[in-house]
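Presented below is the structure to which this report refers.
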Amino acid sequence: MGLFKQLFKDAQHGSENVIESFRPGEMFPHHDRQPKSNVVFLSLTCQDCIEVITAIQKTSTAEHNKEKINLVLYIVATVEEVKELDTYYNSSFTIYAITKKELVEKYKVPSTPYCYHTDQNHQVISTTEFDDVNSFMKMITAFDF
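Under our numbering, read the sequence shown as residues 75 to 219, first letter to last.
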């Protein structure tokens, strides 16, 4: 993460509002029963997230299809916006609309874009904070399914 982004993030949240993400071995809140998954958190107010949304569309039609990368998307957006994205993706991935409050309180996401890697039992295997499309692409293709 760039220095400016970190400073901006620190100024927004303050040192007393540090969000502790789920740790490896902890249970991730329910999402569709799937084998290992890349559970990606995005926001429509985040420029890096918008770029990732475009990359996901390209990925869904590329060699790394949805069965290989097992994406589950949680997006801070309205239900209507998520319906539009679902149409954009041709229902290639499961997409959930969430609120900013859910992002922090239920899913323990410190910033977007962010990813939890989960196993078939919904246990967190690892977490990844990424800040550009290249690191996103490396992350989803490197996770061993």
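For every residue, glycine included, the Cβ atom is placed at its ideal position computed from N, Cα and C.
Rounded separation between residue i and residue j - CA only
i    : j    : result
T221 : I127 : An answer regarding residue 221 cannot be provided, because it is not within the stretch 75 to 219 covered by the chain.
D205 : M213 : 11 Å
I124 : I130 : 10 Å
V229 : S95  : Residue 229 is absent from the model: the chain starts at 75 and stops at 219.
Y181 : V92  : 14 Å
T215 : N164 : 21 Å
S209 : C120 : 16 Å
H138 : L159 : Bear in mind that a pLDDT of 45 at H138, under 50, signals an unreliable position, so the number given afterwards is only what the model happens to contain. In a straight line, the C-alpha of H138 is about 19 Å away from that of L159.
S111 : M211 : 15 Å
S89  : V178 : For S89, the predicted structure reports a pLDDT of 48, less than 50, and the residue's modelled location is therefore unreliable. The matter cannot be settled from this model.
Cβ-Cβ distance between residue i and residue j below 8 Å
i    : j    : result
S117 : T202 : no
F102 : H196 : yes
Option nearest residue i by Cα separation, candidates the options
i    : options                : result
N144 : D122, C189, R97        : C189
P109 : M211, H191, K180, N208 : H191
T173 : D160, D193, L147, T152 : T152
E100 : S209, I199, N208       : I199
K175 : V150, K132, E154, D160 : V150
P98  : V178, D193, E158, K132 : D193
K132 : S111, L177, E158, S166 : S166
Presumed contact (8 Å Cβ cut-off) between residue i and residue j, rounded CB distance
i    : j    : result
Y170 : Y148 : 5 Å
V156 : V113 : V156 to V113, Cβ: 15 Å. No contact.
Exposure label - residue i; buried when at least 16 CB within 10 Å
i    : result
D122 : buried
Chain B within 8 Å of residue i, Cβ atoms only
i    : result
Y162 : Judged by its chain identifiers, the structure shown contains no chain B, having just a single protein chain.
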